[in-house]
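Peer 1: Take 2 as the starting number for the sequence shown in this note's numbering and just add one per residue. We put the beta carbon where it would ideally sit given N, CA and C, even for glycine.
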Amino acid sequence: MMEGRPPMERYKITAHNSAFILIDFQTNLASAMHKEVLETAERNTALMIDACHKMNVPILVTEQYRKGLGATLERLQKKLEDDYKPIEKMDFSCYANQEFLSSFKKLNKKYIIVSGIESHVCVLQTVLDLLADGYHVHVMGDMVCSRYKSDWKTAMDYMAKAGAVITTTEISIFQLLQKAGTPEFKAVSPMFKNKESYWTL
2 MMEGRPPMER YKITAHNSAF ILIDFQTNLA SAMHKEVLET AERNTALMID ACHKMNVPIL
62 VTEQYRKGLG ATLERLQKKL EDDYKPIEKM DFSCYANQEF LSSFKKLNKK YIIVSGIESH
122 VCVLQTVLDL LADGYHVHVM GDMVCSRYKS DWKTAMDYMA KAGAVITTTE ISIFQLLQKA
182 GTPEFKAVSP MFKNKESYWT L
């Protein structure tokens, strides 16, 4: 390994070693986000959900204090289908919730893809706990958001310095696919032809 270069193992995400966590993409939180930022994050999250379904990557969904913050956005609920089994929590970190922890540990996956709201609160605290427990965490920079850009940027820098991989939806999906010509590639690749208006409900 070259001196000063981070260990390459943390970048080796595949469909077989990964799980996707969708953190608190809820109506009342979403309404506080900048409209264009939210639309991008929601669209990319939908894209990742569809890709995970086609590649059999497991998905977990959390909701923070549902009574006050509402349910997961309806369009994402529809995309999730049978995977919409939200784990309600009060802790900011998903990892501090025992129901989440039990479901998560059963997946037995070492690489974790993260999407959610807000970047600097529940996403950040969950990512730090996952890293502390030895997981390789890939944070989707185009799937997480905060009310203020400064909080989003600081959270991205914070998580990167802590050891998370900050990446994008398209980079990650092609890493999960690994090669062309497979049934999974043929199912997923058409999604990118019109990504800016991606909704196939």
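1) Out of Ile24, Arg11, Lys180 and Lys194, state which residue places its alpha-carbon closest to the alpha-carbon of Thr73.
2) Excluding the five sequence neighbours on either side, which residues of its own chain have a C-beta within less than 8 Å of the C-beta of Met56, listed in chain order?
3) Using a Cβ distance threshold of 8 Å, determine whether the stretch 115 to 131 contacts the stretch 88 to 107, with at least three qualifying pairs required.
4) Which residues mark the beginning and the end of the beta strand (DSSP E) in which Glu82 is found?
5) Please list the terminal residues of the continuous alpha helix (DSSP H) segment that includes Ser103.
6) Thinking C-beta only, is Ser19 closer than 8 Å to Val58?
7) Per DSSP, which one or two residues make a beta bridge with Cys53?
8) Going by DSSP, what residue range makes up the alpha helix (DSSP H) through Lys172?
9) By a C-beta neighbour count over all protein chains shown, 10 Å radius and 16 as the cutoff for buried, is Gln27 buried or exposed?
10) Name the residue from Glu64, Lys79, Asp134 and Ala156 whose alpha carbon lies nearest to the alpha carbon of Glu100.
11) For Gly182, count neighbouring Cβ atoms within 10 angstroms of its own Cβ and tell me buried if that reaches 16, exposed if not.
12) Use the C-beta contact count for Pro87: other C-beta atoms within 10 angstroms, 16 or more gives buried, fewer gives exposed.
13) I need the straight-line Cα distance from Ser103 to Ile60, nearest angstrom please.
14) For the stretch 137 to 145 against the stretch 103 to 121, do three or more pairs of beta-carbon atoms, one drawn from each stretch, fall closer than 8 Å, so that the two count as touching?
15) If you measure between the beta carbons of Ile113 and Leu81, is that distance less than 8 Å?
Peer 2: In this structure, then:
1) Numbered from its first residue, the sequence shown carries residue 73 at position 72. Selection Ile24, Arg11, Lys180 and Lys194 evaluated against Thr73 yields Ile24 as nearest (Cα-Cα).
2) In the sequence shown, the residue the question calls residue 56 occupies position 55. These residues qualify, in order along the chain: Ala16, Leu177, Leu178, Glu185 and Val189.
3) Contact between the stretch 115 to 131 and the stretch 88 to 107 is present, because at least three Cβ pairs lie under 8 Å.
4) Position 81 of the sequence shown, counting from 1, holds the residue named residue 82. Under the DSSP assignment, Glu82 falls outside any beta strand (DSSP E); it carries neither an H nor an E label.
5) Taking the sequence shown and counting its residues from 1, one reaches residue 103 at position 102. Residues Gln99 to Leu108.
6) Within the sequence shown, the letter at position 57 stands for residue 58. Within the sequence shown, the letter at position 18 stands for residue 19. Yes, these two residues count as a Cβ contact at 8 Å.
7) Against the sequence shown, residue 53 aligns to sequence position 52. DSSP lists no partner for Cys53.
8) Residue mapping note: residue 172 aligns to position 171 of the sequence shown, counting from 1. First, the residue type needs correcting, since residue 172 is Ile and not Lys in the sequence shown. For Ile172, the enclosing alpha helix (DSSP H) stretches over residues Thr170 to Leu178.
9) Position 26 of the sequence shown, counted from the start, is the residue given in the question as residue 27. Buried: at least 16 other Cβ atoms inside 10 Å.
10) For the purposes of this step, residue 100 is taken as the residue at position 99 of the sequence shown. That would be Glu64, whose Cα lies nearest to the Cα of Glu100.
11) In the sequence shown, residue 182 corresponds to position 181, counting from 1. Classification of Gly182: exposed, given that the 10 Å Cβ count is below 16.
12) What you label residue 87 is simply residue 86 of the sequence shown in a count that begins at 1. Sixteen is the threshold: when 16 or more other Cβ atoms of the shown chains lie within 10 Å of the Cβ of Pro87, as they do, the residue is buried.
13) Your numbering for residue 103 matches position 102 in the sequence shown. Your numbering for residue 60 matches position 59 in the sequence shown. The alpha-carbon of Ser103 is positioned some 14 Å away from that of Ile60.
14) Pairwise C-beta distances place the stretch 137 to 145 in contact with the stretch 103 to 121, as three or more of them are shorter than 8 Å.
15) Along the sequence shown, one-based indexing puts residue 113 at 112. Along the sequence shown, one-based indexing puts residue 81 at 80. No, they are not a contact pair.
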